[in-house]
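**Q**
In our numbering, the protein residues as written are 5 to 676.
1. Can you find a heavy atom of the ligand GTP that lies under 6 Å from the Cβ of residue 222?
2. Run through DSSP, which three-state label would residue 449 get?
3. Identify every residue that forms a DSSP beta bridge with residue 343.
4. On the CB-based measure, 16 or more other CB atoms within 10 Å of its CB, does residue 13 come out buried or exposed?
5. Here's the rule I'm using: 16 or more other beta-carbon atoms within 10 Å means buried, otherwise exposed. How should residue 229 be labelled?
6. What is the rounded straight-line gap between the Cα of residue 595 and the Cα of residue 630?
7. Would you please state the rounded distance, in angstroms, between the beta carbons of residue 650 and residue 659? I believe it to be under 8 Å.
8. Is the beta carbon of residue 279 closer than 7 Å to that of residue 374?
9. May I have the straight-line CA-CA distance separating residue 669 from residue 170, to the nearest angstrom?
10. Thinking C-beta only, is residue 644 closer than 7 Å to residue 418?
11. State the Cα-Cα distance for the pair residue 656 and residue 622, rounded to the nearest angstrom.
12. Can you give me the start and stop residues for the alpha helix (DSSP H) that residue 549 sits inside?
13. With 16 as the cutoff for other CB atoms within 10 Å, does residue 641 come out buried or exposed?
14. In angstroms, rounded to a whole number, what distance separates the CA positions of residue 38 and residue 315?
15. If you draw a straight line from the alpha carbon of residue 233 to that of residue 176, how long is it in whole angstroms?
16. By Cβ distance, which residues of its chain are closer than 7 Å to residue 134, with the 5 residues on each side in sequence left out?
17. Find the nearest neighbour of residue 565 within the set 591, 545 and 582, judged by alpha-carbon distance.
18. Could you tell me if residue 99 is buried or exposed, where buried requires 16 or more neighbouring beta carbons within 10 angstroms of its beta carbon?
19. Based on the DSSP secondary-structure assignment, which residues constitute the bridge partners of residue 658?
20. Given residue 193, which residues of its chain have a CB within under 7 Å of its CB, disregarding the five upstream and five downstream residues?
21. Under the rule that 16 or more other beta-carbon atoms within 10 Å means buried, what is residue 49, buried or exposed?
22. Please work out which residues of its chain come closer than 6 Å, Cβ to Cβ, to residue 237, disregarding the five sequence neighbours upstream and downstream, and give them in chain order.
23. Pull up the distance between the alpha-carbon of residue 361 and that of residue 481, whole angstroms please.
24. Should residue 15 go down as buried or exposed, given a rule of 16 or more other Cβ atoms within 10 Å for buried?
25. Classify residue 467 as helix, strand or coil using the three-state DSSP reduction.
26. Looking only at DSSP bridge pairs, what is residue 89 linked to?
27. Since residue 338 and residue 353 are thought to touch, with beta carbons under 8 Å apart, how far apart are those beta carbons, to the nearest angstrom?
28. Enumerated in chain order, which unbroken segments of the alpha helix (DSSP H) with a length of 4 residues or greater are wholly contained in the segment 52-131?
29. Could you have a look at residue 375 and say whether DSSP puts it in helix, strand or coil?
30. If we count the other Cβ atoms within 10 Å of its Cβ and call it buried at 16 or more, is residue 93 buried or exposed?
31. To the nearest angstrom, report how far apart residue 389 and residue 405 are at their CA atoms.
32. Could you spell out where the alpha helix (DSSP H) holding residue 172 opens and where it closes?
33. Assuming residue 265 and residue 311 are in contact, meaning their beta carbons sit under 8 Å apart, how far apart are those beta carbons, in whole angstroms?
34. Please name the residue or residues paired with residue 292 in a DSSP beta bridge.
35. Apart from the five residues just before and just after residue 20, which ones in its own chain have a Cβ nearer than 6 Å to its Cβ?
36. Identify, in the order they occur along the chain, each residue of the same chain with its Cβ nearer than 8 Å to the Cβ of residue 87, setting aside the five sequence neighbours on each side.
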């Protein structure tokens, strides 16, 4: 009996020791993660230490703020976290500085006494517990028992909602996992791990889509907002638990890595992205650089060494060395990305399968027409980053519109076709004003091939619209000379009303109308503030120099129009390309829009069954509405309506039958 008791004690102690070892590994690895990913804000910490008053407050923080999004009292804990990092990091010049620890406890005591609450649940249940989690892990073992108890009470504001989805689920489960580690609750640790693992899946609900885009708040593309939280936290937890009994299954890590390589990296040029990838958070300062995954990539490589080469290539691209090359379309999110060595083009369309952009928590106050066919050219990342406060939101890049346009009507016929190198997109297009009495409709088509994007607009109808119909070909930061129509004709600051424009060259791009066109070309120094688009942001003035070429349409004279965006380093190259284009418009009307390139590649959209003449004795006929790409002896096709259908094509008297998938993806058939 005596030996049995000893055995039970030893056996029980072994499991307690193993559980404690797992907990220590989890917490120590999180601490290591913080040290490796959080640059030390030494100078800011000096200021905060000097300005902290005896009551433990900072005079420049508005502790009475009620703004739901960027709730200002949370800055108090954020500053404590940054001070704790400087105190705890062995590489810091103030490592374990007693004066810093004293200031940490004074500031912490203030929060523990006041326990500020936001009107937004996210701050109370996620934002504040996350900051407190970091502080506790950084100063663990250096707080007295009472402070630790009270700080854990603040962290316990977290709620583990088993029914949450996507980024919100991962946020709360990640917090529950660490709360369990800090309090020795092994059951909670296991439960929260299982919740995260359960949420790592391919779905058509909220989360990772079959095309590796990411949805949250319904059918909205949220790659770099909620998708960022989901991906970043899930991969980090997987790294913390690697090579332990709680390690994530290999197939779950593969899903996350595939989201990085097949989704995340394609929706940005390096670290720079566009508003269509993140919905309302585009109205936050600095967010258009949210694609920056460089701090996390070493951890992903450690988790997935089999993909190390691909991940290191991505890291090099995010460091500005090289670029992706190819066309990717995300049919579940109505988003297209076209990457070339010298530039990237991004297009965010909308259909009745996806939702309009959100404006909640006083964010995205002017973005009602985002996701309406807005299109962006990025070369160096300066084009749009932190420029949105000074945008003219009635002239979004690529959007064909009118002065009082208020809302896009979501229609079913929207899609793309691609061979993964080049591709084209089409959109049945309709905007209306707030009353619904003014309606603009058109058919829009974008053909991306080599270093050009051919943009066609057909069947323009302006119902009860008294003013101009126009398309801003771009609205970006003004970088260098703007030359129009002839080499040496460089325009100065001003709003220029131009007729018979044949080409415009600026910052490595040419903007070429298909026919000489009327333009309002704005070259302006503009100012604004972040609070005009996001009430929680700073009121400080923002200034920028803007390049906005606005093409004016005359649907009463011609219901079709178009233009080309092309990579051209110099005005001389732009002039040459405009005079001798590498494309030919085959058709641009309500039935079909089609373009053929110099080497014979052809892209088209059929809105109705029709026959398209592609040469003197060459044609393609389609018996279903669809998108097609003809290139190198192959026919690529897709169904933009996502119905799934059998399409029959006649190419020079040869019949080809193809089953077009209901998810809008591309299928191919050899026709030689």
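Even glycine gets a Cβ: it sits at the ideal position worked out from N, Cα and C.
**A** If we stick to the structure as given:
1. By its list of ligands, the structure shown contains no ligand whatsoever, and the ligand GTP lies outside what it can speak to.
2. The residue you call residue 449 lines up with position 445 of the chain shown. Three-state DSSP puts residue 449 in a strand.
3. On the chain shown, residue 343 is found 339 positions in, with the first residue counted as 1. Paired residues: 330 and 348.
4. As a first step, residue 13 must be located in the chain shown, where it is residue number 9. The pLDDT assigned to residue 13 is 47, lower than 50, so where the model puts this residue is not dependable; a value taken from the coordinates is nonetheless given after this. Classification for residue 13: exposed.
5. Looking up residue 229 in the chain shown gives position 225. It is buried - the Cβ of residue 229 has at least 16 other Cβ atoms within 10 Å.
6. Counting from 1 along the chain shown, the entry for residue 595 is found at position 591. Counting from 1 along the chain shown, the entry for residue 630 is found at position 626. Those two C-alpha atoms are separated by around 11 Å.
7. The residue you call residue 650 lines up with position 646 of the chain shown. The residue you call residue 659 lines up with position 655 of the chain shown. The Cβ separation is near 12 Å, so there is no contact.
8. In the chain shown, the residue the question calls residue 374 occupies position 370. In the chain shown, the residue the question calls residue 279 occupies position 275. The answer is yes: Cβ separation under 7 Å.
9. Along the chain shown, read from residue 1 onward, the residue named residue 669 stands at position 665. Along the chain shown, read from residue 1 onward, the residue named residue 170 stands at position 166. The alpha-carbon atoms of residue 669 and residue 170 are separated by roughly 24 Å.
10. Position 414 of the chain shown, counting from 1, holds the residue named residue 418. Position 640 of the chain shown, counting from 1, holds the residue named residue 644. Taking 7 Å as the Cβ cut-off, residue 418 and residue 644 qualify as a contacting pair.
11. Locating residue 656 in the chain shown gives position 652, where the first residue counts as 1. Locating residue 622 in the chain shown gives position 618, where the first residue counts as 1. Their Cα atoms are separated by approximately 6 Å.
12. On the chain shown, position 545 is the one that residue 549 refers to. It is not in any alpha helix (DSSP H) - residue 549 instead sits in the beta strand (DSSP E) that spans 545-557.
13. The count along the chain shown starts at 1 and reaches residue 641 at position 637. Buried is the call here.
14. As a first step, residue 38 must be located in the chain shown, where it is residue number 34. As a first step, residue 315 must be located in the chain shown, where it is residue number 311. Computed Cα separation, rounded: 21 Å.
15. Your numbering for residue 233 matches position 229 in the chain shown. Your numbering for residue 176 matches position 172 in the chain shown. Their Cα atoms are separated by approximately 11 Å.
16. By 1-based counting over the chain shown, the position of residue 134 is 130. Contacts found: 179.
17. In the chain shown, counting from the first residue as 1, residue 565 sits at position 561. With distances taken between Cα atoms, residue 565 lies closest to 591.
18. As a position in the chain shown, residue 99 is number 95, starting the count at 1. With fewer than 16 Cβ atoms within 10 Å of its Cβ, residue 99 is classed as exposed.
19. Position 654 of the chain shown, counted from the first residue, corresponds to residue 658. Looking at the DSSP assignment, residue 658 forms a beta bridge with 655.
20. As a first step, residue 193 must be located in the chain shown, where it is residue number 189. Here the set comprises 181, 184 and 185.
21. Reading the chain shown from its first residue, position 45 is the one you call residue 49. Classification of residue 49: buried, given that the 10 Å Cβ count is 16 or more.
22. Within the chain shown, numbered from 1, the residue matching residue 237 stands at position 233. These residues qualify, in order along the chain: 174 and 178.
23. As a first step, residue 361 is located in the chain shown; it is residue number 357 there, counting from the start. As a first step, residue 481 is located in the chain shown; it is residue number 477 there, counting from the start. Going from the Cα of residue 361 to the Cα of residue 481 covers about 24 Å.
24. Position 11 of the chain shown, counted from the start, is the residue given in the question as residue 15. Note on residue 15: pLDDT 43, under 50, position unreliable in the model; no value is reported.
25. Within the chain shown, the letter at position 463 stands for residue 467. DSSP places residue 467 in strand when its eight states are reduced to three.
26. As a working note, residue 89 is residue 85 in the chain shown. DSSP, once it has assigned bridges, lists no residue as partnering residue 89.
27. For this step, residue 338 is matched to residue 334 along the chain shown. For this step, residue 353 is matched to residue 349 along the chain shown. Distance from residue 338 to residue 353 at the Cβ level is roughly 4 Å; contact confirmed, criterion being Cβ atoms closer than 8 Å.
28. 78-92 and 102-118
29. Here residue 375 corresponds to residue number 371 of the chain shown, with the count starting at 1. Residue state, collapsed to three classes: coil.
30. By one-based count along the chain shown, residue 93 stands at place 89. Result: buried.
31. Within the chain shown, residue 389 is the residue found at index 385, counting from 1. Within the chain shown, residue 405 is the residue found at index 401, counting from 1. Answer to the nearest angstrom: the Cα atoms are 23 Å apart.
32. As a first step, residue 172 is located in the chain shown; it is residue number 168 there, counting from the start. Looking at the DSSP string, the run of the alpha helix (DSSP H) that includes residue 172 is 170-187.
33. Looking up residue 265 in the chain shown gives position 261. Looking up residue 311 in the chain shown gives position 307. Indeed, because the Cβ distance is near 7 Å, the residues count as touching under 8 Å.
34. Residue mapping note: residue 292 aligns to position 288 of the chain shown, counting from 1. The secondary-structure analysis by DSSP pairs residue 292 with nothing; it has no beta-bridge partner.
35. Here residue 20 corresponds to residue number 16 of the chain shown, with the count starting at 1. Bear in mind that the predicted position of residue 20 carries a pLDDT of just 43, short of 50, making it unreliable; the figure below should be weighed with that in mind. Cβ neighbours of residue 20 beyond the five flanking positions: none.
36. As a first step, residue 87 must be located in the chain shown, where it is residue number 83. Excluding residues within five positions, the ones whose Cβ falls inside 8 Å are 49, 52, 53, 104, 107, 108 and 111.
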